[in-house]
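Colleague: Have a look at this one before I ask anything.
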Amino acid sequence: MSIEVALNILTIVAVSGGAFFFLAGTVGLLRFPDTLTRLHALTKADNVGLGLIMIGLLPRVAWPFDALKLIVVWVLVLVASAVSSQLIGRKLWRGGDGS
Amino acid sequence: MIPPGAVSSQASDASGIVLVAALVLPLVGILLSFLVAGRYTRGMALILLAVGLAVAAGIADGVWRTGHALTYTSGGWLPPLGVKLRADGLSAVMIAVTAIIMFAVGLYAPSEFRVRQDKAETRRSFSFWILLFAIWVAMNAVFLGNDLFNLYVALELVTFAAVPLVSISGTAGTLKAALRYLLFALIGSVLYLLGTALLYGNYGTLDISLLSERIRPGLAVWLSVSVMTAGLAAKTALFPFHLWLPPAHSGAPPAASALLSSLVVKGSFFITVRIWFDVMTGLTDFGATQILGAMGAGAIVVGGVMALRQTRLKLLIAYSTVAQLGYLFLMFPLAAGAVVSSGVTLALSAGMFQAVSHAFAKAAMFMAAGLVADAVGHDRIAELRGIGYQLPVTAFAFGIAALSLIGVPPTGGFFTKWLLLSASVSTGQWWWIVVVLAGGLLAGGYMFRVISPGLAAAETPLVFRSPVSRNREIIVLVLAIFALLMGMIPGTPLELLQVGRVHLTRAALP
Amino acid sequence: MTIGVGFSVALGLLILAVAVFTIGTRDSFAAVVAFVVYGLLLSLGWMNLYCPDVALTEAAVGGGVTGALLLNACARVRSEKTSDFKKSPRWIGRGMAGLLCLALSSGLVAVVILLPNPAPTLAPEATRSLSATGLGNPVTAVLMAYRALDTMLEKVVLLLALVGVWSLASDRFWGGRATFGHLPEPDRPLIFLTRVLAPVGIIAGIYLFWVGADAPGGAFAGGAILSAIWILVFFAGLSVVPAVGSLGLRIVLSIGIIFFLAAGVAGISMAAGFLAYPEGFAKPIIVVIEVAMTLSIGATLGLLVAGPPGQSLKP
Amino acid sequence: MNVPTILGICAAGLIGLGLFSLIVEPQPLRKILAFNVLGNGVFLFFGVVARRGAAVGLFGDPIPQALVITGIVVGFSATALAVALLLRLFDETGSTSSRDDAQKESKSERADS
């Protein structure tokens, strides 16, 4: 099995897995009863999903700049989603409405 | 640098540089009043406005002397890739009218927009002068544009200059009026943009001259012209899209109302003319123009009736604008019904003449109403008995403007109506004659409601809050006299209007 | 190609569905959130049409900054967040409007299907003249050279919008600072995020503008990112919004137009005419104008979101 | 059916939806949203035109793309101005409605015509 085939399989598996996690997160967002559990489903599942998609895409892009860009995007999304879910959670904690 | 594909001799038409000046001058005004706003603004503005008069005269002179349209290719990039500015007779006349009214408004602008030596810039002084220049650059861009998307940007400039002028006094009523105006204007420009997209998708150019050569009747053209006309009608406040206009125009300060009513609404009308006469050369459908004419007739009747019912002077003048805008749209059926090219010329001249004489008359009227309101502190018509004896110059100016709107000889308004009537007779469309005459009667009625108490003898003279500046009265009078003169020297402007017209009815010619 | 077509069908349906939700939902806050999603989906649509420059601008301006603006507005008019159908026209009016819009949509569908083949295009002309501008990205060439007049006037529109927003201030606050309405006390995580994101965002903004000459990007996308970072800095309380009376601020806001206009007028004597660039110097001049424009756009977009001054300088 | 045609039909739908909402929606904030939906539909139409104009190695005609970029910024400016007006109106009156007097006027107009 050549390295190329192996990379192809990695991409297919990782991207499909990532898409599955996104789907699961979205289902959670729609089906879970209140804001905190929705937040939980969304952030957890989406971060894993995004990570998997990044891993799947890394072998597809030119090294080093495009790959670095992908990694930076991933890290930024992680930070942003962590902070924004923190902000939403804190707002709830302080007694905002849960709708 | 001569770009490949550009023809150098055309790329920078030396005499066309004056067109660039008509855009650069107000832009410089915007930047200067944005950066060094404060007590120097008014003096700087008056200098620039005076230069603007010279530039406008230069354009008119160039068009008149050469006998054909002036053009200037921006950046040397020829259409269809680049953008061309073009001034034909219509543009030259409208640019000149704009320059004159701008200058008058600049001189007239009341003390609340001036900054005293010891005071810092105020919100109103800052906004007013920038917006004044903005209207100027917007109108010039509308009149010079020969590219549909360039005209879209110009239309948006008009919107962004006009809406804040409406709400400059900051009261809840004007905020409401401004928001409603903005929403109407946005629908209008987005529909216009849609039509532009349809035309580009079908013909691959935005340049009006090229488009008129390539355009063929069909669903796409029909649809794009419909949406563009609907959008522009909403921006022009053509009946039944007129509801936004009266509160917006009557709520603004008088200097701003004068600009809005005399110039701003003519911008979108002018683009309508461009589309129907220049893009759709020879394709105009008689039935479709009848609808436009009917909307104009509706405006004349509804605007006139509503003006009759008003008790506030500024609202009455604003409703009269609704009615007067209706006359502009009678030119479309009259031109489409023409069998010979001179008939088209007649209809077009009538419409443009109405645009010009109404601009002067309405600017004078709003400014006169502003002087009265400043002096007595309100504009309730019933309580203005005897104002004519106390402010004779203002009342005289208002009276001349009113006579022009009614269409009494020898004013510009009379000459307009005469042109409209002869176009109706020569094309056999008698129904527009009825409308024009009814409109004149209605105008007579609502103007009589103002003038009659104004000239009646009052038992007790009105108490003035503040004295009226003689200089400001004279500015108003001069504008009114322009409206009067339009009826007396019709020859030259009529010929000037025709310069650069690619005539016109391909369909009408055999 | 069929997978591509399938993707487009799904994307188109999704965009339409989100648009229907945006328009149909009674909760205005939900509508605004849906609108942001709509903007992001549209960016995907733009990528699907191979228009990366537009996709970037749409994501940054259409979805991003517009979303921030509308969310802020929505939060401030919370008391009337549900759409009030009682005030809307009766069903006859709605039916008429519906029929009219349906007719328009059907007409447009017909026009789309009947668009001429081969499609008229200016791509050959735009490519042929590209060498004279020294640029590699034809979209940037259109914006900065072929149709530079439009771009310059559009910068004026942007400035006028800001003047219009400022003119809505109360007289007593004139010369003061914008307040975004009333910002809540910043949370520590937000401050942390801003500290992390600000340098990255500034680099990203400059990078986007810089590559715009030859690759997708440009002054609009770059400026929008800079403005987003700026807004974040205000939200985190790391800096105050500059006062509207500040001359420095006004120079930054207008410098794009000033450079554009100056280069344009200089072209009259030094090149082929107004807004023409001298041979061989086109690219450096364009880059300098774009630097100024990126700054002005970033500042203007940020201040448009911040709103009119609502706080005077002297307490 | 190809990609531009499909997205063109999508654009046609967005334009109809946006215009409908703009006409019937009473609340200014929702009207502003509708304006954006409508505007994006028009832009998307330009995008379709651009993509169809792919030639000489370019993936699309750059002219409409540049027009859309200009249009997006103008649309944002319009949204910002409208939002500022609406918020000021809300501060001033406690309501964002710009309609009530319009309805009164249209009623009185119906009465006389």
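Chains as they are written, first to last, in my numbering: chain A, 1 to 99; chain B, 100 to 609; chain C, 610 to 924; chain D, 925 to 1037. Backbone N, C-alpha and C fix where the C-beta goes; we use that ideal spot for every residue, glycine too.
Which residues share a DSSP beta bridge with B/D306?
Modeller: Against the second sequence, residue 306 of chain B aligns to sequence position 207. Answer is B/D246.
Colleague: Could you spell out the range, first to last residue, of the alpha helix (DSSP H) harbouring B/A537?
Modeller: Against the second sequence, residue 537 of chain B aligns to sequence position 438. Run containing B/A537: 529 to 554, per the alpha helix (DSSP H) assignment.
Colleague: Counting pairs of beta carbons, one from the stretch 420 to 429 of chain B and one from the stretch 398 to 411 of chain B, are three or more of them closer than 8 Å?
Modeller: Yes: the two stretches touch, three or more of their Cβ pairs being nearer than 8 Å.
Colleague: At a Cβ threshold of 8 Å, is C/S692 touching chain B?
Modeller: Position 83 of the third sequence, counted from the start, is the residue given in the question as residue 692 of chain C. Bear in mind that a pLDDT of 48 at C/S692, under 50, signals an unreliable position, so the number given afterwards is only what the model happens to contain. Not one chain B Cβ lies under 8 Å of C/S692.
Colleague: Output the distance between the C-alpha atoms of B/T170 and B/P508, rounded to the nearest integer angstrom.
Modeller: Counting from one through the second sequence, the residue named residue 170 of chain B turns up at place 71. Counting from one through the second sequence, the residue named residue 508 of chain B turns up at place 409. Approximately 37 Å between the Cα atoms of the pair.
Colleague: Could you tell me whether the Cβ atoms of C/A741 and C/A872 are closer together than 8 Å?
Modeller: As a position in the third sequence, residue 741 of chain C is number 132, starting the count at 1. As a position in the third sequence, residue 872 of chain C is number 263, starting the count at 1. In this structure, C/A872 does not lie closer than 8 Å to C/A741 by Cβ.
Colleague: Could you check whether the stretch 725 to 738 of chain C touches the stretch 294 to 312 of chain B, counting it as contact only if at least three pairs of C-beta atoms, one from each stretch, sit closer than 8 Å?
Modeller: Counting Cβ pairs under 8 Å, three or more are found: they touch.
Colleague: Does the distance from the C-beta atom of D/C934 to that of D/L968 stay below 8 Å?
Modeller: Stepping through the fourth sequence from its first residue, residue 934 of chain D is reached at position 10. Stepping through the fourth sequence from its first residue, residue 968 of chain D is reached at position 44. It is a contact, given that the beta carbons lie within the stated cut-off.
Colleague: Show which residues of chain B have a CB atom less than 9 Å away from the CB atom of D/L957.
Modeller: Taking the first residue of the fourth sequence as position 1, residue 957 of chain D is located at position 33. Under the 9 Å cutoff, chain B gives no residues; its nearest Cβ is about 12 Å from D/L957.
Colleague: Return no unless some Cβ of chain D is closer than 8 Å to the Cβ of C/F829.
Modeller: On the third sequence, residue 829 of chain C is found 220 positions in, with the first residue counted as 1. So yes, C/F829 belongs to the interface.
Colleague: Measure the C-alpha to C-alpha separation of B/S323 and C/L713 and round it to an integer number of angstroms.
Modeller: Counted from its first residue, the second sequence places residue 323 of chain B at position 224. Counted from its first residue, the third sequence places residue 713 of chain C at position 104. If I take the Cα positions, the gap works out to 10 Å.
Colleague: Report the neighbours of B/V533 on chain D: residues whose CB is nearer than 8 Å to its CB, in chain order.
Modeller: By 1-based counting over the second sequence, the position of residue 533 of chain B is 434. Chain D residues near B/V533: none, gap ~17 Å exceeds 8 Å.
Colleague: Need the endpoints of the alpha helix (DSSP H) that C/R737 sits in, please.
Modeller: Here residue 737 of chain C refers to the residue found at position 128 of the third sequence. Where C/R737 is concerned, the enclosing alpha helix (DSSP H) stretches over 732 to 737.
Colleague: Find out if the Cβ-Cβ distance for the pair B/P179, B/D377 is shorter than 8 Å.
Modeller: Position 80 of the second sequence, counting from 1, holds the residue named residue 179 of chain B. Position 278 of the second sequence, counting from 1, holds the residue named residue 377 of chain B. No, the pair does not count as a contact, with Cβ atoms beyond the cut-off.
Colleague: Given a threshold of 16 other Cβ atoms within 10 Å of its Cβ, counted over all protein chains shown, does B/K365 qualify as buried or as exposed?
Modeller: In the second sequence, counting from the first residue as 1, residue 365 of chain B sits at position 266. Flag for B/K365 reads buried.
Colleague: Name the chain C residues that come within less than 7 Å of D/T994, Cβ to Cβ?
Modeller: Numbered from 1 along the fourth sequence, position 70 holds the residue referred to as residue 994 of chain D. Those are D759, T760, E763, listed as they occur along chain C.
Colleague: Does C/L758 pass the burial test, meaning 16 or more other C-beta atoms within 10 Å, or should it be called exposed?
Modeller: As a working note, residue 758 of chain C is residue 149 in the third sequence. Flag for C/L758 reads buried.
Colleague: Could you compute how far the alpha carbon of B/S456 sits from the alpha carbon of B/A496?
Modeller: Within the second sequence, the letter at position 357 stands for residue 456 of chain B. Within the second sequence, the letter at position 397 stands for residue 496 of chain B. Their Cα atoms are separated by approximately 14 Å.
Colleague: Use the C-beta contact count for C/I867: other C-beta atoms within 10 angstroms, 16 or more gives buried, fewer gives exposed.
Modeller: Here residue 867 of chain C refers to the residue found at position 258 of the third sequence. With 16 or more Cβ atoms within 10 Å of its Cβ, C/I867 is classed as buried.
Colleague: With the cut-off set at 8 Å, would you say C/G831 and C/F818 are in Cβ contact?
Modeller: Residue 831 of chain C sits at position 222 when you count from the first residue of the third sequence. Residue 818 of chain C sits at position 209 when you count from the first residue of the third sequence. Yes, the Cβ-Cβ distance between C/G831 and C/F818 is below 8 Å.
Colleague: Could you check whether B/M466 and B/A347 sit closer than 8 Å to each other, using their CB atoms as the reference points?
Modeller: Locating residue 347 of chain B in the second sequence gives position 248, counting from the first residue. Locating residue 466 of chain B in the second sequence gives position 367, counting from the first residue. No, these two residues do not count as a Cβ contact at 8 Å.
Colleague: Please go through the same chain and pick out, in chain order, the residues whose beta-carbon is closer than 8 Å to the beta-carbon of B/V252, but skip the five residues on each side of it.
Modeller: Numbered from 1 along the second sequence, position 153 holds the residue referred to as residue 252 of chain B. Around B/V252: A240.
Colleague: Whose Cβ in chain B lies nearer than 8 Å to the Cβ of D/S1039?
Modeller: Given a span of 925 to 1037 for chain D in the structure shown, any question on residue 1039 of chain D remains unanswerable.
Colleague: Under the rule that 16 or more other beta-carbon atoms within 10 Å means buried, what is C/S692, buried or exposed?
Modeller: Your numbering for residue 692 of chain C matches position 83 in the third sequence. The predicted position of C/S692 is uncertain, since its pLDDT is 48 and thus under 50; a value taken from the coordinates is nonetheless stated next. Its Cβ being crowded by 16 or more others within 10 Å, C/S692 is buried.
Colleague: For C/L768, which residues of its own chain have a beta-carbon under 7 Å away from its beta-carbon, when the five flanking residues on both sides are left out?
Modeller: As a working note, residue 768 of chain C is residue 159 in the third sequence. So the qualifying residues of the chain are L862, S863, I866, T909.
Colleague: Which residue's Cα is closest to the Cα of B/Y139: B/L282, B/D187, B/S224, B/L122?
Modeller: As a first step, residue 139 of chain B is located in the second sequence; it is residue number 40 there, counting from the start. For the residues B/L282, B/D187, B/S224, B/L122, the minimum Cα distance to B/Y139 belongs to B/S224.
Colleague: When you compare each of C/V618, C/R859, C/G702, C/Y755 to C/L884 by their alpha carbons, which one comes out closest?
Modeller: By 1-based counting over the third sequence, the position of residue 884 of chain C is 275. Checking every option, the nearest Cα to that of C/L884 belongs to C/Y755.
Colleague: Check whether chain A comes within 8 Å of C/P926, counting only Cβ atoms and requiring the distance to be less than that.
Modeller: A question about residue 926 of chain C goes unanswered here, because the residues of chain C that appear run from 610 up to 924.
Colleague: Using the Cα positions of C/W700 and B/I532, report the straight-line distance between them to the nearest angstrom.
Modeller: Position 91 of the third sequence, counting from 1, holds the residue named residue 700 of chain C. Position 433 of the second sequence, counting from 1, holds the residue named residue 532 of chain B. Going from the Cα of C/W700 to the Cα of B/I532 covers about 38 Å.
Colleague: Can you tell me whether A/I71 is buried or exposed? The criterion is at least 16 other CB atoms within 10 Å of its CB, across all chains shown.
Modeller: Position 71 of the first sequence, counting from 1, holds the residue named residue 71 of chain A. A/I71 is exposed by the Cβ-count criterion.
Colleague: So, helix, strand or coil for B/Y171, using DSSP?
Modeller: Numbered from its first residue, the second sequence carries residue 171 of chain B at position 72. Strand.
Colleague: Any C-beta of chain C within less than 8 Å: which residues of the stretch 1000 to 1011 of chain D qualify?
Modeller: For the stretch 1000 to 1011 of chain D, which is checked against every Cβ of chain C, the residues closer than 8 Å are F1000, S1001, A1002, T1003, A1004, L1005, V1007, A1008, L1009, L1010, L1011.
Colleague: Determine the closest residue to C/V645 out of C/V674, C/I898, C/S779, with distance taken between C-alpha atoms.
Modeller: The residue given as residue 645 of chain C occupies position 36 in the third sequence. Among C/V674, C/I898, C/S779, the Cα nearest to that of C/V645 belongs to C/V674.
Colleague: Beta carbon of C/L847, beta carbon of C/T803: below 8 Å?
Modeller: In the third sequence, residue 847 of chain C corresponds to position 238, counting from 1. In the third sequence, residue 803 of chain C corresponds to position 194, counting from 1. Taking 8 Å as the Cβ cut-off, C/L847 and C/T803 qualify as a contacting pair.
Colleague: So if DSSP puts B/K183 in a beta bridge, which residue, or which two residues, is it bridged to?
Modeller: Counting from one through the second sequence, the residue named residue 183 of chain B turns up at place 84. In DSSP, B/K183 forms a bridge with B/T172.
Colleague: In three-state DSSP terms, what is C/F694?
Modeller: Within the third sequence, numbered from 1, the residue matching residue 694 of chain C stands at position 85. The predicted model places C/F694 with a pLDDT of 49, which falls under 50 and marks its position as unreliable; any figure quoted below should be read in that light. Note: C/F694 maps to helix in three-state DSSP.
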